[in-house]
DNA sequence: AGCGTATAGTTGACTATATCAACTATTGGG
DNA sequence: CCCAATAGTTGATATAGTCAACTATACGCT
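This is how it looks when you write it as structure tokens:
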């Protein structure tokens, strides 16, 4: 199955990745999907993280994020707490369970990534990410 | 907005691409989405193309493909006709309108691709596609 | 020939994902 | 103190993707 064009490579890859992550996650008996995982990552890497930060970093609709966060809270992985200075801002942070799960998740992800990158050099992977990042910037910025 | 990991680069890129293609397509007043476009490409590049070929090349569910094809037929872009030797196979081909539209589509896509690849060399783009293709193979094949 | 099985495609019901628009609550600036 | 702006929530709806059951044709077989 040769991939000819950029677009078909992208679509196929994104689709395959989604399916694989989902399998990996189901295999790990977590009730999470790829977007949940992205949220968890952003919460982990952002101190003082709000729902709005997730919206900004993912580019998704804020309604979607609100619901994802709600689910994470219901799963008791994340808790929210109003900012003292600005009570509109609800700061998201991991619960203990959230921390534990995130560790497991990182392991599972590393496995998926390792599989994905099998036969590729570190340099190739770095280049790939760099080019993808350039493309993302191209798409987001020059929007004439 | 720095992209750190492979997965977030992939997701963001796929999402941005989808949005951009959709905008380009809506701007061109066609009632098509990204999957329609993929189907049209496959029909164009596959002689004697059946629905099953599209299923094989996209990895999507055959129900989804059946519905996409149905829509393309309703839009009178594509027609289907039973194979003489095997009446189960319905061969898909462009109508005149389909041909005309596909030409327009190619122009629109080239614009999206050009935008996406702005500032990148041809070699970088080729490498990118090659790496993506390797990743797709890694994901599809070694599924232990 | 006639039987069973495989294949191509279709359809219904469903789930998941994403988007839009209207809403509340809080804030900071004049 | 009022108003525009911001953070978040919710309902309705649209879009995308999946599963399972079904029809129709074809192929292989004894």
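Protein chains in written order, with the numbering used here: chain A, 1 to 144; chain B, 1001 to 1144.
A virtual CB, placed ideally from N, CA and C, is assigned to each residue, including glycine.
Pairwise C-alpha distance: residue j and residue i
| i | j | result |
| --- | --- | --- |
| residue 1134(B) | residue 13(A) | 10 Å |
| residue 1047(B) | residue 124(A) | 35 Å |
| residue 5(A) | residue 1108(B) | 14 Å |
| residue 42(A) | residue 99(A) | 13 Å |
| residue 949(B) | residue 1040(B) | It is not possible to answer for residue 949(B), since the shown part of chain B is limited to 1001 through 1144. |
| residue 18(A) | residue 114(A) | 15 Å |
| residue 1111(B) | residue 1118(B) | 10 Å |
| residue 68(A) | residue 34(A) | 11 Å |
| residue 1065(B) | residue 1089(B) | 14 Å |
| residue 97(A) | residue 105(A) | 12 Å |
| residue 23(A) | residue 7(A) | 24 Å |
| residue 86(A) | residue 92(A) | 14 Å |
| residue 116(A) | residue 20(A) | 10 Å |
| residue 1136(B) | residue 83(A) | 43 Å |
| residue 1081(B) | residue 1060(B) | 22 Å |
| residue 226(A) | residue 1015(B) | Nothing can be reported for residue 226(A), as the shown portion of chain A is limited to 1 through 144. |
| residue 131(A) | residue 1128(B) | 7 Å |
| residue 1009(B) | residue 74(A) | 28 Å |
Paired residues, beta bridge with residue i - DSSP
| i | result |
| --- | --- |
| residue 1021(B) | Bridge partners of residue 1021(B): none, in fact. |
| residue 78(A) | 94(A) |
Where residue i sits in the DSSP three-state scheme
| i | result |
| --- | --- |
| residue 1101(B) | helix |
| residue 1050(B) | strand |
| residue 84(A) | coil |
| residue 121(A) | coil |
| residue 1013(B) | helix |
| residue 6(A) | helix |
| residue 1033(B) | coil |
| residue 1128(B) | helix |
| residue 113(A) | helix |
| residue 1089(B) | coil |
| residue 60(A) | coil |
Neighbouring residues, chain B, relative to residue i (Cβ below 7 Å)
| i | result |
| --- | --- |
| residue 109(A) | 1007 |
| residue 38(A) | 1008, 1011 |
| residue 127(A) | 1127 |
| residue 31(A) | Simply none; closest approach about 19 Å. |
Residue i beta carbon near the ligand FMN (any heavy atom closer than 7 Å)
| i | result |
| --- | --- |
| residue 14(A) | Absent from the structure shown: the ligand FMN. Ligands present: none. |
Residue closest to residue i, alpha-carbon to alpha-carbon, out of the options
| i | options | result |
| --- | --- | --- |
| residue 1070(B) | 1058(B), 1085(B), 1050(B) | 1050(B) |
| residue 138(A) | 1120(B), 1038(B), 1105(B) | 1120(B) |
| residue 1079(B) | 1087(B), 1086(B), 1085(B), 1094(B) | 1094(B) |
| residue 1103(B) | 1010(B), 1044(B), 1140(B) | 1044(B) |
| residue 101(A) | 25(A), 60(A), 126(A), 63(A) | 25(A) |
| residue 1058(B) | 131(A), 11(A), 126(A) | 11(A) |
| residue 1032(B) | 1062(B), 1015(B), 1076(B) | 1076(B) |
| residue 56(A) | 38(A), 16(A), 130(A) | 38(A) |
| residue 1036(B) | 1126(B), 1072(B), 1131(B), 1122(B) | 1072(B) |
Interface partners of residue i on chain B, CB under 8 Å
| i | result |
| --- | --- |
| residue 119(A) | 1134, 1138 |
| residue 116(A) | 1006, 1135, 1138, 1139 |
Contacts of residue i in chain A (Cβ-Cβ under 9 Å)
| i | result |
| --- | --- |
| residue 1034(B) | 7, 11 |
| residue 1043(B) | Going along chain A, no residue has its Cβ under 9 Å from residue 1043(B), so there is no contact; the nearest lies around 13 Å. |
| residue 1014(B) | 10, 11, 13, 14, 15, 17, 18 |
Proximal chain B residues relative to residue i, where beta-carbon distance stays under 9 Å
| i | result |
| --- | --- |
| residue 113(A) | 1005, 1006, 1007 |
Chain-ordered chain A contacts of residue i [CB-CB under 7 Å]
| i | result |
| --- | --- |
| residue 1020(B) | 139 |
| residue 1124(B) | 131 |
8 Å Cβ cut-off: residues of chain A touching residue i
| i | result |
| --- | --- |
| residue 1073(B) | The contacting residues do not exist; residue 1073(B) stays about 22 Å from chain A at best. |
| residue 1098(B) | What residue 1098(B) touches in chain A: nothing, since even the nearest Cβ is about 19 Å away. |
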